[in-house]
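Trainee:
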Amino acid sequence: MGYLCDLGSGQTVYLENVQHQTLVTVASSYPGQQQQSSSGFQTGSWTAPPEVLRSTIGLVVKLYTDQGEWFISIQGSRLSVLNEAPSLAEAQPLQVQSVAHKPGDSRPTMPSIQPMPLMTPMPPMTMGNMQMDRNTMSMQMGSMHMSMNPIAPSASKASQTNTAGSHTADEQRNFCSQCGTAITPGDRFCAHCGHQLG
Ligand SMILES: [Zn+2]
């Protein structure tokens, strides 16, 4: 939310109060050329909409904040805070309109909502001797096997009892090497993922 003022001859000024700062952006567009300069001023929070005046000393932005009144002079693309209130007796106020967004060069006024990219199914993650499979919620780390499958209790029990002895061979026979699902010894294919078993 900010305020936009057309200064004429292709120049606009955009005013925004961000926390206790006033951001002033002067944009000039000439044929084939775009210029923009921004400055931030510690002015405090606005208490009223800003005013833009064309005075004898040039363009002046008048701000009403909780720290008092501020005057910022705009000279071309140069912005400076005036220490004293300028004589605005013959100043002409310019039309300031409130806008929701800072006008972009070519961006539409309304932010376009990008559709979220579809989640691609993750292949099993392998890290050294650690394997994780999101499909079965199972994890294999060396001889250790964890699984969230309905048959997990028996699987984890089997791997626990196996850790005492020579477990590697049993392990490979009892669990699918692809997805880690417990399999019936003698099965040629994993019932879960169809992986051909050794
Ligand atoms: Zn499998």
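Here this note's numbering = 1-based position in the sequence shown + 54.
The C-beta atom is built at its ideal place from N, Cα and C for all residues, glycine as well.
In this text, all values refer to a predicted model and were calculated from it rather than measured experimentally.
1. Could you check if SER213 is buried or exposed, using at least 16 other CB atoms within 10 Å of its CB as the buried criterion?
2. Count the other CB atoms, across all protein chains shown, that sit within 10 Å of the CB of ALA81; report buried if there are 16 or more and exposed otherwise.
3. What do you get for PRO104, buried or exposed, if any count of 16 or more other CB atoms within 10 angstroms of its CB means buried?
4. Is it the case that the CB of THR79 approaches a heavy atom of ligand 1 more closely than 7 Å?
5. Would you kindly work out how many angstroms separate the C-alpha atoms of GLY112 and GLN149, rounded to a whole number?
6. For TYR68, which of VAL114, SER109, CYS247, TYR84 has the nearest alpha-carbon?
7. Does the distance between the C-beta of GLN250 and the nearest non-hydrogen atom of ligand 1 fall short of 7 Å?
8. Can you tell me which residues form a DSSP beta bridge with GLU105?
9. When you compare each of GLN151, SER93, VAL106, ASP241 to MET55 by their alpha carbons, which one comes out closest?
10. Assign VAL106 to one of two classes, buried (16 or more other C-beta atoms within 10 Å of its C-beta) or exposed (fewer than that).
11. Should THR238 be listed as close to ligand 1, given that the test is whether its C-beta is under 7 Å from any heavy atom?
12. Give every residue of the same chain whose Cβ lies closer than 8 Å to the Cβ of THR222, excluding the five residues on either side of it in the sequence, and list them in chain order.
13. Any heavy atom of ligand 1 closer than 7 Å to the Cβ of HIS246?
14. Rounded to a whole number of angstroms, what is the C-alpha to C-alpha distance between GLY3 and SER63?
15. Should ARG242 and GLN232 be called a contact, given that it needs their Cβ atoms to be closer than 8 Å?
16. State yes or no: is the C-beta of GLN232 nearer than 7 Å to some heavy atom of ligand 1?
17. By how many angstroms is the C-alpha of GLU70 removed from the C-alpha of GLN96?
18. Can you give me the start and stop residues for the beta strand (DSSP E) that ASP60 sits inside?
Mentor: Looking at the coordinates:
1. The pLDDT assigned to SER213 is 47, lower than 50, so where the model puts this residue is not dependable, and the model offers no usable value.
2. buried
3. buried
4. no
5. 16 Å
6. VAL114
7. no
8. LYS116
9. GLN151
10. buried
11. no
12. Low local confidence applies: a pLDDT of 48 at THR222 is under 50, so the model's placement there is unreliable, with the coordinate-based value given in what follows. SER197.
13. yes
14. Beyond the ends of the chain as shown, which are 55 and 252, falls residue 3; an answer cannot be given.
15. no
16. yes
17. 12 Å
18. 56–62
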